[in-house]
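>
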Amino acid sequence: MHKTYTPIEVRYQETDQMGVVYHANYLIWFEIGRTKYIESLGLMYTDMEKNNIVSPVIDAQITFKNPVRYGEKATVETWLDQYDGLRTVYAYQILKENGTLAVSGTTEHVIVHKESFRPLSLRKTFPEWHQTYMEQVDGES
């Protein structure tokens, strides 16, 4: 299974009054990891956007295990969890510098036309993405 590992340095502005990373910032880190994962497959979100296609998050799940604090470093581990030609689910683990699991989660996406937000089939709209994702899913077996 292909995975990417994206380093994150915790910035002070990412923390809350308790001195830990504010929970919504983990979703930003998921996005950073997801973008790097897609790029590692030779694909680019900007290619979609040139065609007025975007890929919104339609569901996000996140589980908090251990806090990450200012001054610490973390790694976002990202992989393709599920893909069916329409919906794509990416999975994530955020690991602290010592390897401790801090956060795990998933985000589910579809592609839509930017103006109408009508769902589109990734398989039909971007066959190269579909083929690459199918190779990732089939490679898990």
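Just so we're aligned, residue 14 is where the sequence shown starts under the numbering used here, counting upward by one. For glycine and all other residues, C-beta sits at the position ideal for the given N, C-alpha and C. Remember, it's a predicted structure, so these values are computed and weren't measured experimentally.
(1) Please list, in chain order, all residues of the same chain as glutamate 85 whose beta carbon is under 7 Å from its beta carbon, the five residues on each side excluded.
(2) Out of Pro132, Val34, Val67 and Phe130, which one is the CA nearest neighbour of asparagine 79?
(3) Rounded to whole angstroms, what is the Cα-Cα separation between glutamate 141 and alanine 104?
(4) With C-beta atoms as the reference, is histidine 122 less than 9 Å away from isoleucine 66?
(5) Should alanine 115 and phenylalanine 77 be called a contact, given that it needs their Cβ atoms to be closer than 9 Å?
(6) Using the Cα positions of tyrosine 18 and threonine 88, report the straight-line distance between them to the nearest angstrom.
(7) Going by alpha carbons, who is nearest to lysine 75 out of Gly152, Thr120, Leu135 and Arg82?
(8) Taking the beta strand (DSSP E) that histidine 122 falls in, what are its first and last residues?
(9) Where do the N-terminal and C-terminal ends of the beta strand (DSSP E) with aspartate 72 fall, by residue?
Working from what's here:
(1) Val23, Lys109 and Glu110
(2) Val34
(3) 21 Å
(4) no
(5) yes
(6) A straight-line Cα-Cα distance of about 6 Å links tyrosine 18 and threonine 88.
(7) With the sequence shown as reference, residue 75 is identified as isoleucine, and lysine is not the correct amino acid for it. With distances taken between Cα atoms, isoleucine 75 lies closest to Thr120.
(8) 114 to 122
(9) 70 to 77
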